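In my numbering, each number is its position in the sequence shown, counted from 1, plus 1067.
Every residue, glycine too, gets a C-beta built ideally from N, C-alpha and C.
Values in this document were obtained by computation on a predicted structure and should not be read as measured data.
Structure first, then comments.
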Amino acid sequence: MLKPILIALLPFLFLFNSGSDALLSGAKPKPDGYSGTLEKMLVESGTVSMQVDMFKMNARAGRVQVDMPVKANSFFTILVFNDELRGPNPGSMDLEGSFSGGVGRSAMTFNDLALENQAWEEGGDLVIRSARTGMVYFRVEGQEYTYNPMIRGLIISNGRLVVADQYAASIGRKDLAGTTVGTIGMDARMRTIESSQIVDGEVKSEDMPALAPSAGTVPGPDVIVGDLSGLAQFGSSSGTQVGLAVATDSCNFGTENLHWNANPSNDHPVIPQNLYRMSANGDRMEQIGQSSVKHAFTALTMNICGLGCNGVGGSNLGSGCSDPYSASLNAGPNLGSRAWINPFTGDFPRGDSATPNNNHSGHTHTGTSHRILVEINDLNTSMNAGATYYAEGQYITPHEYAWCQTHPGQCNMYNNVSYRQYSVNGTTSPFSFSPVASTVRTKPAILAWTGSTAVDIQPAAGADGIGTVAYKVTQLSPTLWHYEYAIYNQNMDRGIQSFSVPLNGAPITNIGFHAPPQHPGWANDGTAGNAGFSSQPWAVDQSGGNVTWSSETFAQNPNANAIRWGTTYNFRFDSTNAPVTTTATIGFYKTGAPITVTVQGPAGVAPPATYTVSGRVVNSSGMGVGMERVFLSGDVTRSGALTNPFGYFIFSNVSGGNYTIGVASRRYTYPSSQITVGGNISDILITANP
1068 MLKPILIALL PFLFLFNSGS DALLSGAKPK PDGYSGTLEK MLVESGTVSM
1118 QVDMFKMNAR AGRVQVDMPV KANSFFTILV FNDELRGPNP GSMDLEGSFS
1168 GGVGRSAMTF NDLALENQAW EEGGDLVIRS ARTGMVYFRV EGQEYTYNPM
1218 IRGLIISNGR LVVADQYAAS IGRKDLAGTT VGTIGMDARM RTIESSQIVD
1268 GEVKSEDMPA LAPSAGTVPG PDVIVGDLSG LAQFGSSSGT QVGLAVATDS
1318 CNFGTENLHW NANPSNDHPV IPQNLYRMSA NGDRMEQIGQ SSVKHAFTAL
1368 TMNICGLGCN GVGGSNLGSG CSDPYSASLN AGPNLGSRAW INPFTGDFPR
1418 GDSATPNNNH SGHTHTGTSH RILVEINDLN TSMNAGATYY AEGQYITPHE
1468 YAWCQTHPGQ CNMYNNVSYR QYSVNGTTSP FSFSPVASTV RTKPAILAWT
1518 GSTAVDIQPA AGADGIGTVA YKVTQLSPTL WHYEYAIYNQ NMDRGIQSFS
1568 VPLNGAPITN IGFHAPPQHP GWANDGTAGN AGFSSQPWAV DQSGGNVTWS
1618 SETFAQNPNA NAIRWGTTYN FRFDSTNAPV TTTATIGFYK TGAPITVTVQ
1668 GPAGVAPPAT YTVSGRVVNS SGMGVGMERV FLSGDVTRSG ALTNPFGYFI
1718 FSNVSGGNYT IGVASRRYTY PSSQITVGGN ISDILITANP
């Protein structure tokens, strides 16, 4: 089907690429039976991200990672037919910012850059050039284009930055021409500037939409974390712990305004924050901190996600709009307990009810209260050399769930988590943080675990939320493997109480468990007895051919250290047995039958091989002798078998090894002999002495 469509669109593509200012000229193609909407779309906003190995061009430079926003009014266009990308047109987008490498006179600086899709007569390449001089610095090769019509999003990924011949010659390094020095990608939002309706291959109508504010395009309300920024420590340390916070910007990708009614109403989002750490060798990814929740209030009408805010704010977050919460605001003392929140329905008590959702009376705050609670040793750079850190934010709102109930198929409760990588500076409090990469939207931080395999879990579709089991097996030596499992509960109210991996006799050592620290209880925090959630490590059991970790059950302790929503717990061990595909079991805390999930685990110990040993007992004349007792004696076992009337005998399930075989008889005397069993033996003949 693709080839006929392309053939049908060739006249249109030709006219677009010929440089015509109009979407289509007066010439009309012949009818060909194809109908739909052909759009010419302009980059409205976006960011170009590059990683450049500057040392390949300058021995005194290093590796540079840079995010460069696209300047307004850049004319980089694409063609879309019936929501499918047909390709980019010649055009360019100017980029803000610069990057450099090296020192002194040998330093190299790149500024005033443009990403350009060249005209066909110039080669039709995607290039990075100087917007001021026109010098082409890099060609882009191997790039992939992805268009998402739901958000009018264009992504360019996996592009390679290749040094252009012209630039290599200009710096006297012709040897660099054609050298790959980095990667490039782009994430942009598009806007339709010209549209034509095609009916049976003929243009029936043309339109040039006004550049008015646009809005979200996902049916229903759909809040996401559009950006994370400003991760910082707030307040002084408390014992061995510090308190952090990160700024969050919400974006409503939905077509419906999202309810944002401040307390005492319970129809607004709540915002938890988390921190993760991945070890230097990537063998483990752990959550090392969690905060209480910010109760949202008074939505603003910003446009950080580039959707085009519809201007609605206050008690609603308008379609396409964004609303910022600074790190200091998210670090404030009036954060509420997670214990009140049902993460799937978004339900929590009203602020003026008998059980208010954010009551701090009778409670004294310290430098760590309600903030992302982290152990100092988990941030100390001398103790965590090479580790990478990830801040995570989440929005939970009752409006999305309520809309889902009345509009089946428009359920947007599963994409409300985003993360961003940070570096840490310091060995003790206070710590500072710097962003390393852009925010990764609508994905939990556990997915940043390099080399891991992630398996989604949803134990009760439509009735509860989702989670992820991520795992990774690292070979430590030719005969030793490390097994690491991380279980993430995104928004399951039921919680997780146990995790079991089959061993089948495989030996394991260094069994471990990790959970983020829990906040202490406080008056009116929603936990049983206001005692806070337990930090008791999970018990470990190795019976029944499995290794099983478990917390207390809900019946035993409603404050048990279960894997509640917005948290990730780790389970680990080493084994001398290599990995194989196996089935782990997850047990739930509040309700629900256990489920199984496919993971890697150690190969079981195979039972020892066994064989059959058979033959015949005869007298000196060669006639079979019945009812004689044949014995088979090994180092630790002795077995017996009776011959049948014709003198035949058989031993089953004989392990390999050395044995003595003979006959205990009152009628004849038989010689005994030595045999080695390493396979089935069927020709043993035992002859009585004359």
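Residue burial classification, residue i (beta-carbon count within 10 angstroms, cutoff 16)
i            : result
residue 1669 : buried
residue 1211 : exposed
residue 1545 : exposed
residue 1464 : buried
residue 1764 : The first residue shown for the chain is 1068 and the last is 1757, placing residue 1764 beyond what the model contains.
residue 1747 : exposed
residue 1357 : buried
residue 1543 : exposed
residue 1130 : exposed
residue 1488 : buried
residue 1725 : exposed
residue 1124 : buried
residue 1091 : Because residue 1091 carries a pLDDT of 34, less than 50, the predicted location of this residue cannot be relied on, and no value is offered for it.
residue 1450 : exposed
residue 1206 : buried
Backbone CA spacing between residue i and residue j [nearest angstrom]
i            : j            : result
residue 1652 : residue 1571 : 14 Å
residue 1667 : residue 1646 : 6 Å
residue 1238 : residue 1513 : 43 Å
residue 1698 : residue 1705 : 7 Å
residue 1084 : residue 1199 : Note on residue 1084: pLDDT 38, under 50, position unreliable in the model; the coordinate value appears next. When rounded, the distance between both Cα atoms is 24 Å.
residue 1590 : residue 1636 : 27 Å
residue 1321 : residue 1475 : 15 Å
residue 1370 : residue 1599 : 38 Å
residue 1753 : residue 1676 : 26 Å
residue 1419 : residue 1324 : 25 Å
residue 1116 : residue 1201 : 21 Å
residue 1471 : residue 1109 : 33 Å
residue 1818 : residue 1260 : With the chain covering 1068 to 1757 only, the question about residue 1818 has no answer from this structure.
residue 1089 : residue 1390 : Any answer about residue 1089 is weak, because its pLDDT of 34 lies below 50 and its placement is not dependable; what the coordinates show is given next. Distance between the alpha carbons of residue 1089 and residue 1390: 38 Å.
residue 1341 : residue 1438 : 9 Å
residue 1658 : residue 1403 : 25 Å
residue 1174 : residue 1204 : 15 Å
residue 1242 : residue 1236 : 9 Å
residue 1286 : residue 1316 : 21 Å
residue 1568 : residue 1345 : 23 Å
residue 1181 : residue 1168 : 19 Å
residue 1159 : residue 1141 : 7 Å
residue 1730 : residue 1717 : 13 Å
residue 1436 : residue 1143 : 48 Å
residue 1584 : residue 1446 : 14 Å
residue 1223 : residue 1165 : 20 Å
residue 1530 : residue 1468 : 10 Å
residue 1621 : residue 1602 : 15 Å
residue 1105 : residue 1111 : 18 Å
Minimum C-alpha distance to residue i - residue among the options
i            : options                   : result
residue 1673 : 1574, 1439 and 1419       : 1574
residue 1608 : 1617, 1402 and 1600       : 1617
residue 1442 : 1305, 1364, 1557 and 1420 : 1305
residue 1137 : 1147, 1383, 1253 and 1152 : 1253
residue 1146 : 1185, 1257, 1232 and 1194 : 1257
residue 1291 : 1337, 1308 and 1303       : 1337
residue 1484 : 1503, 1466, 1508 and 1498 : 1508
residue 1462 : 1374, 1392 and 1233       : 1392
residue 1527 : 1494, 1660, 1521 and 1486 : 1660
N-terminal and C-terminal residue of the beta strand (DSSP E) that residue i is part of
i            : result
residue 1264 : 1247-1266
residue 1232 : Premise fails: residue 1232 lies in the alpha helix (DSSP H), 1232-1237, not in any beta strand (DSSP E).
residue 1396 : It is not in any beta strand (DSSP E) - residue 1396 instead sits in the alpha helix (DSSP H) that spans 1394-1397.
residue 1539 : 1534-1544
residue 1134 : 1130-1136
residue 1127 : Per DSSP, residue 1127 belongs to no beta strand (DSSP E) and is neither H nor E.
residue 1581 : 1575-1581
residue 1634 : 1634-1642
residue 1649 : 1646-1655
residue 1549 : 1547-1556
residue 1419 : Element bounds for residue 1419: n/a, residue is neither H nor E.
N- and C-terminal bounds of the alpha helix (DSSP H) containing residue i
i            : result
residue 1473 : 1465-1473
Expected contact under 8 Å - CB spacing of residue i and residue j to nearest Å
i            : j            : result
residue 1532 : residue 1560 : 7 Å
residue 1694 : residue 1709 : 6 Å
residue 1299 : residue 1282 : About 33 Å; that fails the 8 Å criterion.
residue 1440 : residue 1633 : The Cβ separation is near 13 Å, so there is no contact.
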